[in-house]
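Student: In full-length UniProt numbering, the protein residues as written are 1 to 372. Glycine is no exception: its CB is placed at the ideal position from the N, C-alpha and C atoms.
1) Find the nearest neighbour of residue 309 within the set 162, 110, 263, judged by alpha-carbon distance.
2) Nearest CA to the CA of residue 336: which residue from 346, 347, 322, 345?
3) How is the alpha helix (DSSP H) around residue 298 delimited, first residue to last?
4) Tell me whether the beta-carbon of residue 72 lies closer than 7 angstroms to the beta-carbon of residue 247.
5) Does the structure place the region 176 to 185 close enough to the region 101 to 110 that three or more beta carbon pairs sit under 8 angstroms?
6) In terms of residue numbering, what span does the alpha helix (DSSP H) encompassing residue 250 cover?
7) Going by beta-carbon coordinates alone, are residue 279 and residue 270 separated by less than 7 angstroms?
8) Could you have a look at residue 148 and say whether DSSP puts it in helix, strand or coil?
9) Taking residue 303 as the reference, give the member of 49, 219, 344 with the closest Cα.
10) Taking the CB atoms as reference points, tell me whether residue 30 and residue 282 lie closer together than 7 angstroms.
11) Report all residues from its chain with a CB closer than 7 angstroms to the CB of residue 294; omit the five preceding and five following residues, and keep chain order.
12) For residue 63, which residues from the same chain have a beta carbon less than 7 angstroms from its beta carbon, with the 5 sequence-adjacent residues on both sides left out?
13) My parser needs the alpha helix (DSSP H) runs of 4 or more residues fully inside the region 35 to 104; what are they?
14) Using the C-alpha atoms, what's the distance from residue 316 back to residue 49?
15) Just tell me which of 284, 292, 198, 327 has its CA closest to the CA of residue 374.
16) Spell out a yes or no on whether the region 213 to 223 and the region 164 to 176 are touching, meaning 3 or more CB-CB pairs, one atom from each, closer than 8 angstroms.
17) Tell me, to the nearest whole angstrom, how far the beta carbon of residue 75 is from that of residue 117; I am working on the premise that it is less than 8 angstroms.
18) Using the Cα positions of residue 314 and residue 42, report the straight-line distance between them to the nearest angstrom.
19) What are the start and end residues of the alpha helix (DSSP H) that includes residue 337?
20) Using C-beta distances below 7 angstroms, list every residue in its chain close to residue 319, excluding the 5 sequence neighbours before and after it, in chain order.
21) Cα separation between residue 181 and residue 108?
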């Protein structure tokens, strides 16, 4: 969710103050953690399939819903969008500028990875889960619109992209809000999401598109906005209190999963509340000390969007090779996660950042040549 595909380095002030830099460190590290939660569950799934083919068992990953990483991404997204744009509500042209920046950061890599997934379907369809051949489904995937695939489930060509559908919805609503004053804009975001949620609950399953858009998970963006408002208001936590929040969020996620709360409670509760506690512990707590490991983790956070989108390819290739070599299952799991991390670093450095920089310069040149 999504990985939350938000690049903090692109949305922070051009010359960040000490407070902004400290916040960037903690939140970037949390983005890496969130992406790794998603990577782990997919790597474990692939290795469990190998174990089944070998006729052996493999340790269960049923401690919690590892998809919690997506919920953390959504909370972080709401937090960062409000924090970085809080003083720009009502500015002329701010909505267009906001959407342009978001598109530059989100769209290119997603389109590239989606195209690679389509190519994989054509080349080795048997190795791809739920390959898509429906033109409408493919087009909707590129446009960030929900569309049922062949099995009836609403996932894009790159199944991970369902999170980006919600991200794009949030960006559009938030852009509209930026055209208003801050208070009116925030009321608009809250009212729009509340109306979507209520409408989705009132319509039958046949109105699948509204049921999708109105999923309670959209409320997690609002939780992030609320957390950012607390941060801007000066709320801070000491190390012990921040650690307690991180632990409480983790334990709550474990407990909610163990009691199967997801069967009768909305995801805003089962995923959103633990994610909020964890994000609050990271954002409001003391900044991580500046040391080599911290800088490495911050880089991992910057590459978390690439990690989220591209890791299925690294996992599939590594698991196939590891299986054919007869490697032990735990080693295959570790190698899968390592390959995903290394692959995402390469994609971030050699694909994502150069494309983003080039598009950023191009749009600046275009605007500079437009008549006043």
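Tutor: The structure says:
1) 110
2) 322
3) 292 to 302
4) no
5) no
6) 239 to 258
7) no
8) strand
9) 344
10) yes
11) 25, 288
12) 254
13) 68 to 85
14) 11 angstroms
15) Missing from the structure shown is residue 374; the chain here goes from 1 to 372 and no further.
16) yes
17) Not confirmed; about 27 angstroms, so no contact.
18) 11 angstroms
19) 329 to 347
20) 46, 47, 50, 332, 336
21) 31 angstroms
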